[in-house]
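Structure first, then comments.
Residue numbers (this note's numbering): 51 to 206.
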């Protein structure tokens with residue numbers, strides 16, 4: 051069994067942490083969403099994720115933006131016109147936010163003043179699967195996994 055730890059060390063009395071390991075989501079999609087969420091209050095982040103799930107607000111895609119559509123209003127808000135709606139990633143991070151808020155409540159932190167101080171995404175394992183093709187051939191299909199960690203603290 052491998053040993054793991056969070057990528058940053060913070061004061062355990064003033065912060066709450068949560069992590070999801072081997073989430074069935076592509077690293078490329080969840081890293082763009084994490085970039086937008088860092089530094090936001092938890093209630094603002096929750097509202098943003100719910101709007102993404104309802105396909106009402108796109109997330110800017112800065113690094114992996116090849117052949118992506120431009121969306122109206124995205125350049126005014128984020129300074130970047132290219133975006134997408136990472137619904138699956140938003141659902142996973144929304145569950146993770148619920149988890150970290152519950153952890154903060156257990157520690158006695160004020161859940162109405164929580165702010166995301168650290169969110170990181172790491173590449174997980176890649177599972178090789180096979181897709182049957184014509185004439186007895188098969189091509190590989192890669193299922194990608196990601197590790198997501200989040201740390202929140204009370205605003206001062």
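Just so you know, even glycine gets a beta-carbon here, dropped at the ideal spot from N, CA and C.
> So, is residue 142 buried or exposed, given that buried needs 16 or more other C-beta atoms within 10 angstroms?
Replying inline: buried
> Would DSSP call residue 186 helix, strand or coil?
Replying inline: Of the three classes helix, strand and coil, the one that applies to residue 186 here is helix, per DSSP.
> Where does residue 201 fall in DSSP's three states?
Replying inline: Correct three-state label for residue 201: strand.
> Thinking C-alpha only, which one of 176, 67 and 156 is nearest residue 202?
Replying inline: 67
> What residues match up with residue 133 in a beta bridge as DSSP calls it?
Replying inline: 110
> What number of angstroms, rounded off, separates the C-alpha of residue 148 from the C-alpha of residue 89?
Replying inline: The alpha-carbon of residue 148 is positioned some 17 Å away from that of residue 89.
>> Can you find the residues in the same chain that come closer than 6 Å, C-beta to C-beta, to residue 69, ignoring five residues on each side of it along the sequence?
In response: Same-chain partners within the cutoff: 199.
> Is the segment 91–104 close to the segment 164–182, with three or more CB pairs under 8 Å?
Replying inline: yes
> Shortest alpha-carbon distance to residue 61 belongs to which of 173, 136, 181 and 159?
Replying inline: 159
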